[in-house]
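Note sheet for the following structure.
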Amino acid sequence: MTALASRAAPPSPLSGLLLVCLAATWLVWGSTYLAIKFALLSFPPFFQMGTRFVFAGAVLMAWMRWRGAAWPTRTQWRNALLVGSLMLGGGMGGTAYAEVSVGS
Numbered sequence: 070m071t072a073l074a075s076r077a078a079p080p081s082p083l084s085g086l087l088l089v090c091l092a093a094t095w096l097v098w099g100s101t102y103l104a105i106k107f108a109l110l111s112f113p114p115f116f117q118m119g120t121r122f123v124f125a126g127a128v129l130m131a132w133m134r135w136r137g138a139a140w141p142t143r144t145q146w147r148n149a150l151l152v153g154s155l156m157l158g159g160g161m162g163g164t165a166y167a168e169v170s171v172g173s
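Note that the numbering used here has the sequence shown beginning at 70, numbered continuously upward.
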């Protein structure tokens with residue numbers, strides 16, 4: 070065994086940063102359904118999800134343009150529309166629609 074290998078401490082499986090990241094994920098992911106429930110008091114389910122993801126997409130597009138990324142091609146727009154319709158419209162829209170009748 071070399072001197073360098075014997076001095077290195079084994080990595081901690083649950084470091085502080087890892088625990089903070091896990092806690093942030095649990096908080097954000099878990100509070101999503103509570104936020105949907107309160108947003109449904111003012112907005113219909115598909116409008117609520119649509120505006121949420123259009124706003125997020127606009128922020129990401131502005132950030133990518135600021136970083137100098139190229140504008141998406143027609144094929145990329147088509148693929149994004151297909152994936153967005155199925156994943157976000159079906160998945161998240163369906164979740165918001167279900168929250169209308171199911172308490173969280």
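Using N, Cα and C, we set each Cβ at its ideal position, and we do this for glycine too.
Query, Result
"Report whether the distance from the Cβ of methionine 161 to the nearest heavy atom of the ligand FMN is below 8 angstroms.", "What this structure holds is no ligand at all, so the ligand FMN is not there to describe."
"Kindly list the residues whose CB is nearer than 7 angstroms to the CB of leucine 157, restricted to its own chain and excluding five residues on each side of it in sequence; keep chain order.", "Met118, Phe122"
"Comparing C-alpha positions only, which one of Ala108, Gly153, Leu109 sits nearest to alanine 125?", "Gly153"
"What does the Cβ neighbour count give for alanine 149, buried or exposed, with the cut at 16 atoms within 10 Å?", "exposed"
"What's the call for methionine 161, buried or exposed, on a 16-neighbour Cβ count within 10 Å?", "buried"
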